[in-house]
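**Student:** Following the working numbering, the residues of the sequence shown are numbered contiguously, the last one being 170.
Submitted below is the structure of interest, expressed as C-alpha coordinates.
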Amino acid sequence: MVPSLLVVAACEDKGLKVPDPEVRKSDVKLNLPALPAFDLPAANADGSRSIKEMRVKGRKLLDTEITVKGIVTWAYDCPTAVREPGMDDKTVQKIIDEDPTKCERAKFYLGDAADTPAEKSMWVVDVPRPFNKLEIERLPKEELKNPPPDRCDPKKDKGATCPVYKVGD
(Lines of atoms letter the chains of each structure in order from A; the text may use other names.)
(Lines give C-alpha, C1' and ligand atoms only; values in the text may rest on other atoms or scores of the structure.)
Protein backbone atom coordinates (compact mmCIF):
# COMPACT_ATOMS: atom_id res chain seq x y z
CA MET A 2 0.00 0.00 0.00
CA VAL A 3 2.84 2.38 0.74
CA PRO A 4 4.52 2.04 -2.73
CA SER A 5 1.28 3.01 -4.52
CA LEU A 6 1.00 6.18 -2.43
CA LEU A 7 4.51 7.17 -3.50
CA VAL A 8 3.65 6.73 -7.19
CA VAL A 9 0.51 8.89 -6.86
CA ALA A 10 2.46 11.56 -5.04
CA ALA A 11 5.17 11.53 -7.74
CA CYS A 12 2.57 11.99 -10.54
CA GLU A 13 1.14 15.03 -8.82
CA ASP A 14 4.55 16.72 -8.67
CA LYS A 15 4.24 20.18 -10.25
CA GLY A 16 7.78 20.06 -11.58
CA LEU A 17 6.84 17.83 -14.57
CA LYS A 18 6.96 19.48 -18.00
CA VAL A 19 3.93 19.13 -20.29
CA PRO A 20 4.85 17.85 -23.78
CA ASP A 21 4.62 20.29 -26.70
CA PRO A 22 1.51 19.90 -28.87
CA GLU A 23 2.04 17.94 -32.07
CA VAL A 24 -0.43 20.05 -34.06
CA ARG A 25 0.53 23.63 -34.87
CA LYS A 26 -1.41 26.42 -36.53
CA SER A 27 -0.69 26.54 -40.26
CA ASP A 28 -0.03 29.65 -42.32
CA VAL A 29 -1.24 27.98 -45.53
CA LYS A 30 -3.99 29.94 -47.28
CA LEU A 31 -6.65 27.77 -48.93
CA ASN A 32 -8.07 28.82 -52.28
CA LEU A 33 -11.58 27.36 -52.12
CA PRO A 34 -14.14 27.64 -54.93
CA ALA A 35 -17.22 29.79 -54.45
CA LEU A 36 -20.23 28.13 -52.85
CA PRO A 37 -22.64 26.77 -55.47
CA ALA A 38 -26.20 28.08 -55.63
CA PHE A 39 -28.69 25.81 -53.92
CA ASP A 40 -31.73 27.44 -55.48
CA LEU A 41 -34.82 25.30 -55.78
CA PRO A 42 -36.76 25.26 -59.04
CA ALA A 43 -39.70 27.65 -59.23
CA ALA A 44 -42.96 26.31 -57.80
CA ASN A 45 -45.26 24.62 -60.29
CA ALA A 46 -48.25 26.69 -61.39
CA ASP A 47 -50.67 24.01 -60.18
CA GLY A 48 -49.19 24.02 -56.64
CA SER A 49 -47.49 20.64 -56.95
CA ARG A 50 -43.98 20.09 -55.58
CA SER A 51 -40.84 18.99 -57.42
CA ILE A 52 -38.73 15.99 -56.41
CA LYS A 53 -35.73 18.24 -55.67
CA GLU A 54 -37.86 20.39 -53.36
CA MET A 55 -39.07 17.28 -51.54
CA ARG A 56 -35.48 16.10 -51.06
CA VAL A 57 -34.46 19.50 -49.64
CA LYS A 58 -37.56 20.45 -47.60
CA GLY A 59 -39.00 16.99 -47.00
CA ARG A 60 -38.97 17.07 -43.19
CA LYS A 61 -40.70 20.46 -43.07
CA LEU A 62 -43.56 19.06 -45.14
CA LEU A 63 -44.20 15.98 -42.97
CA ASP A 64 -47.81 15.51 -41.87
CA THR A 65 -49.10 17.77 -44.65
CA GLU A 66 -51.03 16.80 -47.74
CA ILE A 67 -49.11 17.66 -50.88
CA THR A 68 -49.01 16.78 -54.56
CA VAL A 69 -45.68 15.78 -56.10
CA LYS A 70 -45.08 15.70 -59.84
CA GLY A 71 -42.29 13.76 -61.46
CA ILE A 72 -41.38 11.09 -63.96
CA VAL A 73 -41.32 7.40 -63.00
CA THR A 74 -37.64 6.43 -63.22
CA TRP A 75 -37.99 2.85 -61.89
CA ALA A 76 -40.90 0.59 -60.95
CA TYR A 77 -40.92 -2.76 -59.14
CA ASP A 78 -42.27 -5.51 -61.36
CA CYS A 79 -42.94 -8.80 -59.56
CA PRO A 80 -42.90 -11.07 -62.64
CA THR A 81 -39.50 -9.67 -63.61
CA ALA A 82 -38.17 -10.12 -60.06
CA VAL A 83 -39.47 -13.70 -59.75
CA ARG A 84 -38.53 -14.85 -63.26
CA GLU A 85 -35.54 -17.14 -63.68
CA PRO A 86 -33.77 -17.92 -66.97
CA GLY A 87 -35.87 -20.17 -69.20
CA MET A 88 -39.23 -19.45 -67.49
CA ASP A 89 -42.19 -18.51 -69.64
CA ASP A 90 -44.94 -16.06 -68.62
CA LYS A 91 -47.37 -18.85 -67.66
CA THR A 92 -44.90 -20.45 -65.24
CA VAL A 93 -44.10 -17.12 -63.63
CA GLN A 94 -47.80 -16.31 -63.16
CA LYS A 95 -48.40 -19.77 -61.65
CA ILE A 96 -45.60 -19.21 -59.11
CA ILE A 97 -47.07 -15.83 -58.14
CA ASP A 98 -50.63 -17.21 -57.91
CA GLU A 99 -49.53 -20.11 -55.68
CA ASP A 100 -47.35 -17.99 -53.38
CA PRO A 101 -48.10 -14.24 -53.49
CA THR A 102 -45.46 -13.64 -50.80
CA LYS A 103 -42.83 -14.00 -53.52
CA CYS A 104 -43.85 -10.50 -54.62
CA GLU A 105 -42.84 -7.37 -52.75
CA ARG A 106 -45.18 -4.43 -52.24
CA ALA A 107 -45.70 -2.14 -55.22
CA LYS A 108 -43.19 0.71 -55.25
CA PHE A 109 -41.52 3.06 -57.68
CA TYR A 110 -39.10 5.98 -57.94
CA LEU A 111 -40.07 9.47 -59.14
CA GLY A 112 -37.51 11.90 -60.54
CA ASP A 113 -37.55 15.41 -61.99
CA ALA A 114 -36.26 14.01 -65.31
CA ALA A 115 -36.33 10.62 -67.02
CA ASP A 116 -32.59 10.15 -66.43
CA THR A 117 -32.67 11.03 -62.71
CA PRO A 118 -30.56 8.45 -60.83
CA ALA A 119 -32.17 6.44 -58.02
CA GLU A 120 -30.20 8.28 -55.31
CA LYS A 121 -31.74 11.60 -56.44
CA SER A 122 -35.24 10.20 -56.95
CA MET A 123 -38.09 9.96 -54.47
CA TRP A 124 -39.14 6.46 -53.38
CA VAL A 125 -42.92 6.02 -53.43
CA VAL A 126 -44.16 3.13 -51.27
CA ASP A 127 -47.50 1.88 -49.94
CA VAL A 128 -48.95 2.05 -53.43
CA PRO A 129 -52.41 0.42 -53.52
CA ARG A 130 -52.21 -2.99 -55.16
CA PRO A 131 -54.80 -5.26 -56.72
CA PHE A 132 -56.07 -8.30 -54.82
CA ASN A 133 -54.07 -11.42 -55.61
CA LYS A 134 -55.66 -14.71 -56.69
CA LEU A 135 -55.66 -16.23 -53.18
CA GLU A 136 -57.28 -13.11 -51.68
CA ILE A 137 -60.01 -13.19 -54.32
CA GLU A 138 -60.70 -16.86 -53.50
CA ARG A 139 -60.60 -16.52 -49.70
CA LEU A 140 -61.73 -13.03 -48.67
CA PRO A 141 -65.39 -12.26 -47.93
CA LYS A 142 -67.29 -10.71 -50.83
CA GLU A 143 -67.94 -7.56 -48.75
CA GLU A 144 -64.21 -6.89 -48.37
CA LEU A 145 -63.70 -7.41 -52.09
CA LYS A 146 -66.48 -4.90 -52.84
CA ASN A 147 -65.14 -2.33 -50.34
CA PRO A 148 -61.37 -2.78 -50.39
CA PRO A 149 -59.14 -1.32 -47.66
CA PRO A 150 -56.99 1.70 -48.66
CA ASP A 151 -54.00 -0.47 -49.58
CA ARG A 152 -55.96 -2.69 -52.01
CA CYS A 153 -57.85 -2.01 -55.20
CA ASP A 154 -59.92 -3.73 -57.84
CA PRO A 155 -58.44 -3.01 -61.27
CA LYS A 156 -61.54 -4.45 -62.99
CA LYS A 157 -63.76 -1.69 -61.58
CA ASP A 158 -63.86 1.46 -63.67
CA LYS A 159 -65.72 3.50 -61.09
CA GLY A 160 -63.78 4.37 -57.92
CA ALA A 161 -60.74 2.26 -58.79
CA THR A 162 -57.72 3.30 -56.76
CA CYS A 163 -55.18 1.14 -58.60
CA PRO A 164 -52.66 3.61 -59.97
CA VAL A 165 -51.49 2.86 -63.48
CA TYR A 166 -47.82 3.71 -63.93
CA LYS A 167 -44.77 2.62 -65.86
CA VAL A 168 -41.22 3.86 -66.30
CA GLY A 169 -41.28 7.11 -68.25
CA ASP A 170 -44.77 8.23 -67.11
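Every residue, glycine too, gets a C-beta built ideally from N, C-alpha and C.
Hey, quick one: how far does the alpha helix (DSSP H) through A82 stretch, first residue to last?
**Tutor:** Your numbering for residue 82 matches position 81 in the sequence shown. First-last of the alpha helix (DSSP H) with A82: 79-83.
**Student:** Would V168 and L111 be called neighbours here (beta carbons separated by less than 8 Å)?
**Tutor:** By 1-based counting over the sequence shown, the position of residue 168 is 167. By 1-based counting over the sequence shown, the position of residue 111 is 110. No. Outside cutoff.
**Student:** Tell me the residue span of the beta strand (DSSP E) that contains M88.
**Tutor:** As a first step, residue 88 must be located in the sequence shown, where it is residue number 87. Note, M88: premise wrong, no beta strand (DSSP E); not H, not E.
**Student:** Expressed to the nearest angstrom, what Euclidean distance is found between the alpha-carbon atoms of V128 and L33?
**Tutor:** By 1-based counting over the sequence shown, the position of residue 128 is 127. By 1-based counting over the sequence shown, the position of residue 33 is 32. Approximately 45 Å between the Cα atoms of the pair.
**Student:** Given that a residue counts as buried once 16 or more other Cβ atoms are within 10 Å of its Cβ, and exposed if not, what is L7?
**Tutor:** On the sequence shown, position 6 is the one that residue 7 refers to. Bear in mind that the predicted position of L7 carries a pLDDT of just 46, short of 50, making it too unreliable to give a figure here.
**Student:** I need the straight-line Cα distance from A44 to S51, nearest angstrom please.
**Tutor:** Within the sequence shown, numbered from 1, the residue matching residue 44 stands at position 43. Within the sequence shown, numbered from 1, the residue matching residue 51 stands at position 50. So the two alpha carbons sit approximately 8 Å from each other.
**Student:** Figure out for me which residue from F132, P86, D116 has the closest Cα to the Cα of D170.
**Tutor:** Your numbering for residue 170 matches position 169 in the sequence shown. Answer by Cα proximity: D116.
**Student:** Candidates F132, A107, T81: which alpha carbon is nearest W124's?
**Tutor:** For the purposes of this step, residue 124 is identified with residue 123 of the sequence shown, where counting begins at 1. Comparing Cα-Cα distances from W124 to each of F132, A107, T81, the minimum goes to A107.
**Student:** For R25 and V126, what's the separation of their Cα atoms in angstroms?
**Tutor:** Counted from its first residue, the sequence shown places residue 25 at position 24. Counted from its first residue, the sequence shown places residue 126 at position 125. One C-alpha to the other measures close to 52 Å.
**Student:** Is the beta carbon of P131 sitting closer than 8 Å to the one on D154?
**Tutor:** As a first step, residue 131 is located in the sequence shown; it is residue number 130 there, counting from the start. As a first step, residue 154 is located in the sequence shown; it is residue number 153 there, counting from the start. Contact flag set, yes.
**Student:** State the beta-bridge partners of V69 as determined by DSSP.
**Tutor:** Counting from one through the sequence shown, the residue named residue 69 turns up at place 68. DSSP lists R50 as partners of V69.
**Student:** Taking the alpha-carbon of T102 as reference, which of E120, P118, E136 has the nearest alpha-carbon?
**Tutor:** Counting from one through the sequence shown, the residue named residue 102 turns up at place 101. The option with the nearest alpha carbon to T102 is E136.
**Student:** Please confirm whether T68 and S49 have their CB atoms less than 8 Å apart.
**Tutor:** Reading the sequence shown from its first residue, position 67 is the one you call residue 68. Reading the sequence shown from its first residue, position 48 is the one you call residue 49. It is a contact, given that the beta carbons lie within the stated cut-off.
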